[in-house]
Each structure stands twice: as C-alpha cells, then as structure tokens.
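Data first, discussion second: the structure below is written as structure tokens.
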Amino acid sequence: MSEKESSCSSCSVQSCPGEAKGQGCGTVENHLSHIRNKVLVMSGKGGVGKSSTAVNLALALAAEDNAVGLLDIDIHGPSVPKMLGLDDAKPQFTEQGVVPVSYEGMKVMSVGFYLEKADDALIWRGPAKTGAIQQLIADVDWGYLDYLIVDCPPGTGDEPLSVAQALGTVDGAVVVTTPQEVALIDVRKSITFCKQLKMPVVGIVENMSGLLCPHCNEVVEIFKRGGGEELAKELQVPFLSRIPIDPAMVHAGDSGAPYLVANPDSVDLQANRPPRQLVVCCAAPSRPRHPDRRPAEDGLKTAPAAHGNPGP
Ligand code: ADP
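Going by our numbering, the residue at position 256 of the sequence shown is 253; the numbering climbs one at a time, nothing skipped.
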C-alpha cells in the first residue's frame, strides 16, 4: 500500500478527506464525512414518542449489522441516556474530538451527558442555543457510520433548523406523530419544514395509536385512528407505521432497557413492526457502503446479542 493510500493518522479511516486536503482531521466536515446516511427523527411537538422511535430505530439498524450512531440533540429534554440506562455515562475528550459512549456496539452521544444531574435543565437563549447545537454536532468524532440517527428537538423552529444546517446534508427525515388532531396539525408543519429544506421524508409514524392490551394482545382503539395515514396520502409522503400504546414500551423507556432489547422475542408482534418497516424504508435510499469501511476496528459490527444476531 502506498503512502497516499494509508489510513489517516488521526481518525484511522483510509483516504480521510481532511488528511487528503491537508486540512487535518477533526473538523466538522471530517467528522461527518464518514457517515453514509444521516436520518433525522422529528416531531411537531414533544411527548409523542420521537426519542423512543429514534432509540428503537437505531437499535434495529444495529441489529442488521450496520454501524450506527445515535445523537440525542433534544436540548430541552434529552431522554436517550435514561432510555439506554446510560445516566452516569460521560463521553471522553481527545484531540480528535468527543468520543461517543458505546452501547452494545452502537455509538451514542446525548446533550444529556453534559448535565450534572439528569433532572438539571439546560437554559440557552438565542445564539447560544444555536452555537451549542452546532458545537455538539461538530465535536463528535463518529468515525465510520452506516447510519447516524438524530433525535431532533421538537417543532419546526430555530432548533431543528440549526440541527439540519449543522449536519449539512440530511438523507431522510422520519416524522413521528400521535393520532390526535393537534399533533397532526404539527406534523403538516414538519413535512413543510422538510420540503423547504429539501430533506427527503422517509415517512410518517403514527405512535400511541390505540392500546395494545397486555391480556389479549388485541389493539383497543381509544382515540381516532387513521389520521396519520390520511395525512400521509394528502401530503404524498409514505406512511410507515402505526404503533399502539404498549405498557411494555413505557416500562422499557423508564427502566433503561430499551423495548427491542427487553422484548427480543416480540419480532412479529404489532408493536415491533414499526422499527422493521423503518429499517426497510431508511435502508432504501442508502448510498453504497464506504469501500474503506473497517467496522471491526470501530467495534461496531457486533450487534446486541439480545436481537439474535451473534455478531462476527
Ligand atoms: P418525545 O421524544 O416525543 O418527547 P418519548 O419517546 O420521550 O417522546 O416518549 C414519551 C413517553 O412516552 C416515554 O415515557 C415513552 O416511554 C412513552 N412512549 C412512547 N411511545 C410509546 C408507546 N407506543 N407506548 C407506550 N409508551 C410510549
């Protein structure tokens, strides 16, 4: 192998664009340039299951032998550390940038890792908020990733806009909503937001749609249903799935044992269909894998054993 073809001395990725351009490694461009697909998980408002969807989507993709990063940049309510049982985790800092926390071979970064205590509030105003978002995205040294799943701040204001801009290109956006009308009005705004920023919409997920009865396993309709599907048709974007309220999901979110890890046998249950469909939809627009991909080096090839993937 010639001198030119050898890997970057900083990030170990072969043909590192920063090294090749003589810019050195560690710039935002370089940190993001080894990521094949950046997928935003968005919602018009909080509390609709955006973080749960992001976590389960990331885990489902990792279980499919993908190198996955999960970035929780919901600056007002970072919940990924709690959902993954990583409340006490702290990222490491190196010259190349911030090293994400490892969870079952997946790389995780959350604004919550910077809080002293989980119930501390982050108060940022205007430009400071934008600067913090940009810095969080710029500083993380992800290495090679097939997917970066981004748990975005809710809404369609400055915060998600800053996230989209700081990421540069976004390969797809998953919009999560609930069946209630108010949330559906918000989802229109989210789709318009994606279209204005020219971000491809992977599709809409209707979460908390009916209740999965823990006794009979049937879905009981408690609110109006089907609104998300109608809206998807009207807005001409894919409708990905309908996820019922599942008491196991509440427990999973609170206990730090994510739903897919705690329920490895639920693959065919209705509640577990969404992640699969999302995986298929997110995989569709994928760019080819990086020819220099060296997953073993990143320790990313090993998917969680609980998902039935024995790894290499
Ligand atoms: P958001 O990120 O939109 O604020 P979260 O994903 O944090 O929403 O979900 C809010 C709460 O609702 C969490 O306690 C989570 O465990 C719970 N939750 C989300 N989706 C479901 C579901 N389908 N069934 C039951 N609980 C759910």
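Virtual Cβ for every residue (Gly too), placed ideally from N, Cα, C.
The structure presented is a predicted model; accordingly, all values stated were derived computationally and were not measured.
- In the structure shown, residue 109 adopts helical secondary structure according to DSSP, grouped into three states.
- For residue 89, the enclosing beta strand (DSSP E) starts and ends at 89 to 91.
- For the 7 Å CB-CB criterion, residue 69 and residue 148 form a contact.
- Counting along the chain, residue 229 sits inside the alpha helix (DSSP H) bounded by residues 224 to 232.
- Residue 241 and residue 194 do not touch by the CB rule: their CB atoms are close to 31 Å apart, not below 8 Å.
- Taking 6 Å as the cut-off, the C-beta of residue 202 does not count as close to any heavy atom of the ligand ADP.
- The way I'd put it, the region 157 to 166 doesn't touch the region 47 to 61; fewer than three beta-carbon pairs between them come closer than 8 Å.
- Taking C-alpha positions only, residue 192 is separated from residue 128 by approximately 24 Å.
- By the 16-neighbour rule on beta-carbons within 10 angstroms, residue 156 is buried.
- Scanning its chain for C-beta atoms nearer than 7 Å, with the 5 sequence neighbours on each side dropped, one finds around residue 43 the residues 74 and 151, in chain order.
- Residue 35: member of the beta strand (DSSP E) spanning 32 to 40, first to last residue.
- According to the DSSP assignment, residue 236 belongs to no alpha helix (DSSP H) but to the beta strand (DSSP E) extending over 236 to 242.
- Here residue 63 is near residue 144, since their CB atoms are less than 7 Å apart.
- Taking the Cβ of residue 106 as the reference point, every heavy atom of the ligand ADP lies at 6 Å or farther away.
- Counting of Cβ neighbours within 10 angstroms places residue 179 among the exposed residues, the total staying below 16.
- Per DSSP, residue 189 is one residue of the alpha helix (DSSP H) stretching across 178 to 193.
- For residue 59, the closest alpha carbon among the candidates 173, 105 and 246 is that of 105.
- Residue nearest to residue 56 within the set 181, 39 and 100 is 100 (criterion: CA-CA distance).
- In summary, residue 146 is buried, with 16 or more beta-carbon neighbours lying within 10 Å of its beta-carbon over all protein chains present.
- For the pair residue 206 and residue 153, the Cα-to-Cα distance works out to about 23 Å.
- The DSSP-derived three-state label of residue 203 is strand.
- Here residue 203 is buried. Its C-beta has 16 or more other C-beta atoms within 10 Å.
- The closest CA to that of residue 108, considering only 102, 92, 131 and 124, is found on 131.
- In the DSSP assignment, the residues bridged to residue 169 are 36.
- About 7 Å separates the CB atoms of residue 31 and residue 142; that is less than 8 Å, so the two are in contact.
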